[in-house]
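Worksheet: one structure, shown below.
There are 2 protein chains.
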Amino acid sequence: MKKINIALLGLGNVGRGVWTILKSNREEVMKRSGYEVNVSKILVRDIGKERGINVPKELLTTDFNDILKDDSIKIIIEVMGGMEPAREYMIKCMEKRKHIVTANKMLLATEGDELFKKADDMGLMFQYEASVAGGIPIIQGINESLTANKVEEMYGIINGTTNYILTKMELEGLNFEEALKGAQDMGYAEVDPTSDIEGYDAQYKLAILSSLAFGTKVDVNSVYREGITSVKSIDIKYAKEFGKVIKLLAIVKDRNGKVEMRVHPTMIPKNHPLANVYDSFNSILIKGNAVGDLMFYGRGAGELPTGSAVVSDMITILKNDVNSENYNHVVKNNLWDKKFRDIRGVESKYYIRIRVLDMPGVLGEVTSIFGEYDISLGAVIQKISKKSEKEVDLVLVTHTCREAQIINTIDDIYELKSVKKIKSIMRIEDFE
Amino acid sequence: MKKINIALLGLGNVGRGVWTILKSNREEVMKRSGYEVNVSKILVRDIGKERGINVPKELLTTDFNDILKDDSIKIIIEVMGGMEPAREYMIKCMEKRKHIVTANKMLLATEGDELFKKADDMGLMFQYEASVAGGIPIIQGINESLTANKVEEMYGIINGTTNYILTKMELEGLNFEEALKGAQDMGYAEVDPTSDIEGYDAQYKLAILSSLAFGTKVDVNSVYREGITSVKSIDIKYAKEFGKVIKLLAIVKDRNGKVEMRVHPTMIPKNHPLANVYDSFNSILIKGNAVGDLMFYGRGAGELPTGSAVVSDMITILKNDVNSENYNHVVKNNLWDKKFRDIRGVESKYYIRIRVLDMPGVLGEVTSIFGEYDISLGAVIQKISKKSEKEVDLVLVTHTCREAQIINTIDDIYELKSVKKIKSIMRIEDFE
Ligand SMILES: NC(=O)c1ccc[n+]([C@@H]2O[C@H](COP(=O)([O-])OP(=O)(O)OC[C@H]3O[C@@H](n4cnc5c(N)ncnc54)[C@H](OP(=O)(O)O)[C@@H]3O)[C@@H](O)[C@H]2O)c1
Ligand SMILES: NC(=O)c1ccc[n+]([C@@H]2O[C@H](COP(=O)([O-])OP(=O)(O)OC[C@H]3O[C@@H](n4cnc5c(N)ncnc54)[C@H](OP(=O)(O)O)[C@@H]3O)[C@@H](O)[C@H]2O)c1
């Protein structure tokens with residue numbers, strides 16, 4: 001049996017998962033890769049830390065040079081996260097002809113170019129399945145299995161924490177704060193949950209997926225982003241009345257060569273497969289012009305599912321000839337020059353909830369402004385007010401229009417004396 | 001731009017799809033593979049046939065030697081189907097150092113060994129994504145993305161025709177014959193539908209998937225098989241009463257190293273993702289010991305979806321170095337020596353519908369036989385008979401027991417004078 005030495009950068013959640021899988025599925029890894037895999041070194045910050053797994057102390061190091069300078073180490077598993085020094089370490093390792101497996105979505109979404117290029121230049125393999133949707137093989141799917149397609153649309157639930165929160169709100173009637181607290185107690189959400197609940201995490205992942213699907217460079221900032229902090233229980237209830245549920249959706253559409261990319265809470269039909277993705281599960285639906293609708297569903301995070309993707313990536317490297325320089329699997333993000341569409345150019349249906357004074361004529365005033373901007377309405381609900389209430393909710397659902405029209409409409413509506421507040425604006429996706 | 005010559009064996013449904021994709025997605029194929037792909041020759045039986053697509057006549061040939069002896073042809077796309085001469089042609093092409101893409105499930109399920117071995121010996125790539133579940137990248141999924149896992153269970157809806165028929169029966173109340181007729185009118189079912197409705201097609205596919213997932217040789221005959229011809233509308237109605245639907249499920253379970261493989265109509269909970277896979281869609285759920293639950297969903301057949309898998313396979317070959325001999329991607333089906341479990345050893349819950357004489361004491365007689373064989377019952381329904389009827393249906397649902405127990409029970413029940421007929425026995429899967 002051939003032997004190979006590898007090193008881990010990081011031994012946190014994902015690192016632990018990788019270690020556990022290498023031990024418990026040792027025989028699988030060995031037979032499928034054709035190699036006996038030996039972890040030579042593991043980089044950490046704190047050697048003394050209690051890690052809850054049985055890793056020989058002598059493997060741990062805080063000195064990156066122990067790994068970099070060891071020529072017997074052929075593959076680097078980067079699971080430390082963050083921008084620096086992760087970026088610098090990977091570049092240096094590639095210069096020493098070490099193949100890379102990484103789970104680092106933030107780094108890939110922002111500085112991926114440099115890393116891909118280095119791998120390509122050096123003839124090395126660079127694998128990053130775990131960076132999007134944890135255990136779901138979506139990178140491999142786009143990169144190897146859908147290559148015969150023009151990708152036309154992509155819809156993803158790619159952040160487990162927010163899907164868990166929205167699930168609790170929908171099924172158990174919790175409000176956002178309660179659901180967030182629950183997610184934190186379950187260990188799904190970080191102490192600082194900003195990256196998840198404000199949609200940054202999904203934004204990174206969508207940038208990576210788009211870049212792959214369209215073979216083009218994607219500036220992460222051209223992905224429009226809204227988080228779920230403004231999703232109210234009452235909107236979930238109204239959604240239900242329209243036969244819809246609310247999900248944080250990452251959406252990409254190629255409309256005649258113009259690509260729109262956006263992450264925001266979205267109302268989708270209850271009977272759509274994505275509507276039934278609950279808890280911390282992830283799911284991604286891709287429409288290709290040859291394959292049609294294709295959906296992937298599974299665990300988007302967690303030690304073992306993420307570790308599964310990392311270890312499978314490592315096996316893929318081993319199944320190629322580790323000493324060859326003929327890899328052609330590194331993402332090419334310079335195949336097409338795509339134009340991106342600003343959020344104002346996006347077409348969608350909209351759900352709008354407005355707090356108005358409960359007096360005659362208000363409905364007419366509001367709806368006539370929609371008319372002025374050529375927006376037709378699909379439904380209007382006015383909640384019958386209790387005698388004591390002076391304000392009521394007006395809920396409107398539009399037909400398809402451009403976001404710019406909505407923005408103008410809302411501006412004008414705000415001018416109305418009878419309008420107290422625009423409580424909610426949410427895009428609706430019917431997948432048509 | 002590098003150039004490559006390929007040849008097609010066959011220009012039927014899948015061949016047409018491949019041709020169409022190579023034309024319409026020419027730029028995608030070129031940029032992603034790095035090659036300008038030229039179809040040099042296409043083998044058919046009848047050159048004069050009207051094919052509904054615009055293929056230059058001079059590409060067509062009925063002489064296999066035109067392809068075999070052309071050393072400029074590096075990749076063969078086998079989409080002719082059948083056992084011979086497909087097998088012989090692929091072997092001969094590999095001897096001439098041509099890489100293979102095939103969609104031929106029947107051949108792979110029965111004679112796959114010889115083909116895989118030849119590819120391995122010759123250092124060639126042998127791709128067959130389209131052979132199972134059309135456009136769904138399940139082969140790649142198991143073969144490359146789940147390699148870090150022990151596969152514990154697999155559940156698949158992998159035959160589109162039968163799923164279409166069962167959908168029509170469930171949602172539109174058609175009986176089997178009406179639904180089959182509809183499937184034939186839609187072009188989903190062949191004039192001779194035996195392979196689909198008797199479960200042979202699913203049996204082939206399951207044999208291929210099991211062999212991959214467990215890295216072991218699988219005799220297709222060790223996959224237990226029942227088709228859907230015995231599924232009655234009344235059973236679908238009863239299923240509904242229990243919150244269940246009926247699907248033709250391909251099931252694999254590894255129980256402590258003993259593998260059971262079976263294809264049969266199965267009652268599954270209505271709220272399970274697989275229960276909501278409708279029409280001719282396919283879906284496969286895999287449980288890996290690291291990744292957890294992972295599901296794939298998409299089009300399991302059709303010109304373009306199947307062509308998508310074939311063309312993507314070809315691109316994968318091109319992304320490797322076509323002149324290298326260092327591929328390690330051919331399935332290894334000699335990694336493990338698995339034991340297989342006979343259907344009698346399978347554990348399941350069962351739904352049983354018995355036609356009995358409507359007289360006192362029958363229910364007690366029947367249920368006491370279940371007791372004798374240590375089978376506990378979860379539910380019993382006796383349909384209140386109309387005055388005029390002398391016979392009634394008795395519906396029983398068991399707790400988990402061994403198939404052998406059920407077989408013995410049924411034998412004894414048949415002995416009862418009051419029992420006219422066992423109308424239906426169906427396995428129930430709760431995914432627990
Ligand atoms: N968690 C998931 O489910 C998941 C899913 C998909 C992708 N990812 C990605 O995987 C990566 C790792 O995530 P994680 O959750 O495992 O992170 P984590 O639990 O915070 O672990 C990070 C590890 O890296 C080490 N480390 C960090 N900075 C270091 C430095 N400068 N020098 C040396 N060691 C350093 C830490 O050492 P100490 O232990 O000594 O502090 C720790 O072991 C991230 O890029 C994340 O986005 C995570
Ligand atoms: N159809 C699907 O959706 C689908 C999905 C997945 C996998 N597959 C698999 O793909 C393969 C092809 O299926 P298909 O539906 O495309 O079959 P098909 O429509 O029957 O086409 C078969 C083609 O092969 C040619 N051919 C057959 N025997 C030949 C021989 N002895 N010599 C020369 N040419 C021969 C035929 O030539 P003529 O045209 O001159 O008769 C025809 O063009 C099968 O293995 C099938 O199981 C099909």
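One line per chain: the protein sequences are R and W, in this order. For the first sequence, position 295 (counting from the first letter as 1) is numbered 295 according to UniProt numbering, and the numbering increases by one without interruption. For the second sequence, position 236 (counting from the first letter as 1) is numbered 236 according to UniProt numbering, and the numbering increases by one without interruption. We put the beta carbon where it would ideally sit given N, CA and C, even for glycine.
Minimum C-alpha distance to residue i - residue among the options
i      : options                        : result
R:Q382 : R:M359, R:A404, R:G371, R:N175 : R:M359
R:K417 : R:I407, R:F370, R:G361, R:V151 : R:G361
R:T316 : R:S283, R:K168, R:L124         : R:L124
W:S145 : W:Y200, W:A213, W:I384, W:A189 : W:A213
R:I234 : R:S424, R:M1, R:G10            : R:S424
W:E170 : W:G300, W:D279, W:I138         : W:D279
W:I165 : W:A179, W:G173, W:E172, W:Y155 : W:A179
R:L335 : R:T147, R:I406, R:K232, R:K181 : R:T147
W:Y155 : W:Y188, W:I413, W:A275         : W:A275
R:C93  : R:E111, R:M1, R:D71, R:T110    : R:D71
W:G15  : W:Q405, W:M30, W:R51, W:T62    : W:R51
C-alpha gap between residue i and residue j, whole angstroms
i                      : j      : result
W:T102                 : W:G34  : 22 Å
W:I375                 : W:Y238 : 21 Å
residue 456 of chain W : R:S195 : Any question about residue 456 of chain W goes unanswered here, given that chain W covers just 1 to 432.
W:I91                  : W:I67  : 13 Å
W:E27                  : R:M295 : 25 Å
R:V252                 : R:K258 : 10 Å
R:E415                 : R:F370 : 14 Å
R:L115                 : R:N333 : 12 Å
R:D337                 : W:R255 : 51 Å
W:R32                  : R:V366 : 51 Å
R:K49                  : R:V245 : 43 Å
R:R355                 : R:Y224 : 26 Å
R:H272                 : W:R87  : 42 Å
W:V220                 : W:K205 : 9 Å
W:I286                 : W:A119 : 27 Å
R:S24                  : W:N289 : 9 Å
R:K339                 : R:E190 : 35 Å
Beta-carbon spacing of residue i, residue j below 8 Å
i      : j      : result
R:N143 : R:V291 : no
W:K98  : W:I76  : yes
W:I6   : W:K74  : yes
W:Q127 : W:D313 : yes
R:H318 : R:I4   : The identity of residue 318 of chain R in the sequence shown is Leu, whereas the question assumes His. Result yes, Cβ atoms of R:L318 and R:I4 sit closer than 8 Å.
W:F281 : W:G298 : yes
R:G141 : R:V79  : no
W:E429 : W:I343 : no
W:V311 : W:I208 : no
R:V380 : R:L396 : yes
R:I228 : R:T162 : yes
R:E152 : R:I139 : no
W:M186 : W:S222 : no
W:L108 : W:M83  : no
R:V231 : R:A250 : no
R:L9   : R:V18  : no
W:K217 : W:D63  : no
Presumed contact (8 Å Cβ cut-off) between residue i and residue j, rounded CB distance
i      : j      : result
W:N159 : W:L248 : 6 Å
W:G378 : W:G134 : So it is not a contact: roughly 37 Å between Cβ atoms.
W:I407 : W:I413 : About 11 Å separates the two Cβ atoms, so there is no contact after all.
Contact set between residue i and chain C, taken where Cβ atoms lie within less than 8 Å
i      : result
W:T316 : Structure shown: chain C not included; protein chains present are R and W.
When you compare the stretch 38–46 of chain R with the stretch 301–320 of chain W, are there three or more beta-carbon pairs, one atom per stretch, that lie closer than 8 Å? no
Contact the stretch 258–273 of chain W vs the stretch 341–354 of chain W: 3+ CB pairs below 8 Å: yes
The stretch 388–396 of chain R contacting the stretch 196–207 of chain R, beta-carbon criterion three pairs below 8 Å: no
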